[in-house]
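Counting from 1, one number per residue, gives the positions in the sequence shown under full-length UniProt numbering. For reference, the structure discussed in these notes is given below.
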Amino acid sequence: MNIELYQKYFRKNNKGLVLLILIIGVGTVVNGLNPYIYGKIIDSISGKNIIILKKWLLCLGIVLIVTLILETVESLIGNWLTNIIENQIKNDLFAHITIMECKNLDIYEEGELFNKIEFDAENIVSYYLDFVTSILMIVFNLGISVYFILNISKKLAAITFITIPVLYLINFIFHRKVYLINQKIRQFTDKYYSFLNDSLSEIISIKTFGLEKDISKLYNEYLKEKMCLFLKSIVLSKGIGVIRGSFGNTINVIILFVAGLLIIAGNMTIGMLVSFSSYMEKFFEAVSKIMELNLNKQQVMVCYERIKDILDSEQEENKGIILERPVQKIEFNQVVFGYNDNLVLKEMWISITKTGLYSLVGSNGCGKSTIFKLLERFYECKDGEIEINQVPINKYSVLNLRSHIVYISKKPFFLQGTIMDNLKLGQNEISDLEVIEACKKVGIHSDIQKLKKGYYELIESGGENFSSGQKQKLGFARVLLKKADIVLLDEVTSDLDGEAERQICNQMEEIAKKAIVLNIAHKPESIRRSEKVFFIQGGKIAAEGTHKMLMKNCVDYKKIFTSDI
Numbered sequence: 001m002n003i004e005l006y007q008k009y010f011r012k013n014n015k016g017l018v019l020l021i022l023i024i025g026v027g028t029v030v031n032g033l034n035p036y037i038y039g040k041i042i043d044s045i046s047g048k049n050i051i052i053l054k055k056w057l058l059c060l061g062i063v064l065i066v067t068l069i070l071e072t073v074e075s076l077i078g079n080w081l082t083n084i085i086e087n088q089i090k091n092d093l094f095a096h097i098t099i100m101e102c103k104n105l106d107i108y109e110e111g112e113l114f115n116k117i118e119f120d121a122e123n124i125v126s127y128y129l130d131f132v133t134s135i136l137m138i139v140f141n142l143g144i145s146v147y148f149i150l151n152i153s154k155k156l157a158a159i160t161f162i163t164i165p166v167l168y169l170i171n172f173i174f175h176r177k178v179y180l181i182n183q184k185i186r187q188f189t190d191k192y193y194s195f196l197n198d199s200l201s202e203i204i205s206i207k208t209f210g211l212e213k214d215i216s217k218l219y220n221e222y223l224k225e226k227m228c229l230f231l232k233s234i235v236l237s238k239g240i241g242v243i244r245g246s247f248g249n250t251i252n253v254i255i256l257f258v259a260g261l262l263i264i265a266g267n268m269t270i271g272m273l274v275s276f277s278s279y280m281e282k283f284f285e286a287v288s289k290i291m292e293l294n295l296n297k298q299q300v301m302v303c304y305e306r307i308k309d310i311l312d313s314e315q316e317e318n319k320g321i322i323l324e325r326p327v328q329k330i331e332f333n334q335v336v337f338g339y340n341d342n343l344v345l346k347e348m349w350i351s352i353t354k355t356g357l358y359s360l361v362g363s364n365g366c367g368k369s370t371i372f373k374l375l376e377r378f379y380e381c382k383d384g385e386i387e388i389n390q391v392p393i394n395k396y397s398v399l400n401l402r403s404h405i406v407y408i409s410k411k412p413f414f415l416q417g418t419i420m421d422n423l424k425l426g427q428n429e430i431s432d433l434e435v436i437e438a439c440k441k442v443g444i445h446s447d448i449q450k451l452k453k454g455y456y457e458l459i460e461s462g463g464e465n466f467s468s469g470q471k472q473k474l475g476f477a478r479v480l481l482k483k484a485d486i487v488l489l490d491e492v493t494s495d496l497d498g499e500a501e502r503q504i505c506n507q508m509e510e511i512a513k514k515a516i517v518l519n520i521a522h523k524p525e526s527i528r529r530s531e532k533v534f535f536i537q538g539g540k541i542a543a544e545g546t547h548k549m550l551m552k553n554c555v556d557y558k559k560i561f562t563s564d565i
């Protein structure tokens, strides 16, 4: 067992593990008496001794009842331990993913992370619990079977023991192939679940562009690849099984032939042969379990390497100073940033020295949303520096910094829960009346009142029971409730009609009296109201000023709005 895994997850459940091992040990010993009792029953039948037969039948009945009880208790404790340890690993993985640096998160696809949390953790726990609980079974089965096998017939025992090096050799030959096929299967399932997640979440877009047949064809290709990989795995597994089985059957035939000669010669009874066969079966069961654990280890090694990548990845550090006073100043000083080798921001200069409404305007991909991500410290600048209140942003505690910021995207996210829960987002100090007041200000209150359960109506996955405009209003209600110093708005009025847009823009101006509001927009209403507009082009601030000034003095800026105004 991996020492790190044992120390972190299994050790804290030592009492449960010890109890499980003890139950398995007792069950193995009790069950180990069965072949011996069966042999005695057969011999008493052959000897026509009714009294001895009754005695051994009573013993067999007691052994079978005790075995059944122990197996039931073992199953209950085993499943309980599996769920406890599995949940601990999954919880750690999930928690670690939530605090991973975004540059490390970008490496993974959504389906890959899901696969690692759900299936890799299950495989690891199942294997190690199987390993721990099998040790005692292997030891007792080997000990008991070897003892009785040697006592019944040393000649037959010698033939039986020849199997060990041969079975080990079979395992040694195939273990690398098993590792590689399991690695390929895990890599494929990552892609497979990512494809499913992307396709099902964008089903409307697929219908819109008439891509149903194309997506179905692509999915069929995934299924073919999946079948191919799993068939290879099954063929390999069954091939190993056939080789083992063929060798085992050959040994059985040889043992039966030698035992027949011994019985004919009067050196062994039929009951002794039955007992020997049963103990030999237990011997092979223990040896096969060792080989099985060794082969399964290859699959678990793949799973462990995959989750270790997550657990060892860099986390966001929450060290730093506390931003205690309201934010009054934000500065980007020659900030350079890009994703991999693709530079998005090139020596970006921005200076905001007081609260107010400020807009970022530019073509798609010019770096507007990237500015928000840098302010939230999702990423670090490659060069240059961002300062808040004249202090470099990386000097602040990440969690404390984000507590001063609220970010609302074009498509607000929703958690499973009620409307009230989704608006408070864990801020229990916010009263229900404050939530209702915020919803009135953004014009969503009357819509909520029409619902059967009002503010306690459950929000469906992705907010499907609301229109895109209603979702944007709910998102903006969160802005009003958080009362942050920095408000980042990413096209929050894109799906609103004229009156609703003006209502939200009025609230933007109200918030901007006490906070710095940075607004990304393509629609002119909120941009017109901005104290200053930053026009981004080529990863730099190409021009800045009021909307009116830029429309007059900047040709490229004017082109963006010519069709809208």
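Idealized CB from N, CA, C, for every residue including glycine.
In the three-state reduction of the DSSP assignment, Ser409 falls in the coil class, being assigned neither a helical nor a strand state. For Gln299, the closest C-alpha among the options Gly356, Gln187, Val406 and Asp312 is that of Gln187.
When DSSP assignments are scanned along the segment 461-530, the uninterrupted stretches of beta strand (DSSP E) that are 3 or more residues long and fall wholly within it turn out to be 486-490 and 516-520. Below 8 Å, enough C-beta pairs join the segment 157-174 and the segment 251-259 to call them touching: three or more. Looking only at Leu451, Tyr339 and Leu489, the smallest Cα-Cα distance to Ile405 is reached by Leu489. In summary, Lys238 is exposed, with fewer than 16 beta-carbon neighbours lying within 10 Å of its beta-carbon over all protein chains present. Inter-residue distance for Ile99 and Ala438 is about 30 Å (C-alpha atoms, whole angstroms). When DSSP states are grouped into helix, strand and coil, Tyr396 belongs to the strand group. By the CB criterion at 8 Å, Ile159 and Leu229 fall outside the cutoff. For Phe378, there is no enclosing alpha helix (DSSP H), as DSSP gives it neither H nor E. Rounded to the nearest angstrom, the Cβ distance from Ile52 to Ser44 is 4 Å, consistent with a contact under 8 Å.
Between the alpha carbons of Arg325 and Lys368 lies a distance of about 26 Å. Restricted to the segment 17-71, the alpha helix (DSSP H) segments that are unbroken, complete and at least 4 residues in length are 34-46, listed in chain order. Ranking Leu345, Ile448 and Glu531 by CA distance to the CA of Lys540 puts Leu345 first. Here Gly362 is buried: its Cβ has 16 or more other Cβ atoms, across all protein chains shown, within 10 Å. Distance between Ala477 and Ala484, taken at the CA atoms: about 13 Å.
Val274 is positioned such that its CB atom lies no closer than 8 Å to that of Gly61. Distance from the CA atom of Asn83 to the CA atom of Pro35, rounded to whole angstroms, is 35 Å. In this structure Ile459 touches Asn422 by the C-beta definition: roughly 6 Å separates them, less than 8 Å. With 16 or more neighbouring CB atoms inside 10 Å of its own CB, Asp120 falls in the buried class. Comparing C-alpha distances from Tyr6 to each of Tyr127, Lys55, Leu58 and Cys59 shows the shortest one belongs to Tyr127. Ranked by how close their Cα comes to the Cα of Thr133, the residues Glu71, Gly538 and Gly443 have Glu71 in first place. Three or more Cβ pairs closer than 8 Å define a contact, and the segment 379-391 falls short of that threshold against the segment 555-563. For Gly338, there is no enclosing alpha helix (DSSP H); the residue is found in the beta strand (DSSP E) stretching over Ile330 to Tyr339. The bridge partners DSSP lists for Gln299 come to none.
Glu434 is bridged by DSSP to nothing; it lacks a bridge partner. According to the DSSP assignment, Ser446 belongs to the alpha helix (DSSP H) that extends over His445 to Gln449.
Rounded to whole angstroms, the separation of the alpha carbons of Ile393 and Leu375 is 8 Å. Beta-bridge partners of Leu345 (DSSP): Phe337.
Burial check for Ala265: the Cβ neighbour count within 10 Å stays below 16, so the residue is exposed.
Between Ile117 and Lys90 a beta carbon distance of about 5 Å is seen, short of the 8 Å cut, so the two are scored as contacting.
Counting along the chain, the unbroken beta strand (DSSP E) around Val361 starts and ends at Gly356 to Val361. Straight through space, the alpha carbons of Phe140 and Cys102 are spaced by roughly 51 Å. The beta carbons of Leu480 and Lys441 sit closer together than 8 Å.
Minimum Cα-Cα distance from Asn333 among the listed residues Arg377, Asp341 and Cys381 corresponds to Cys381. A straight-line Cα-Cα distance of about 56 Å links Ile330 and Asn296.
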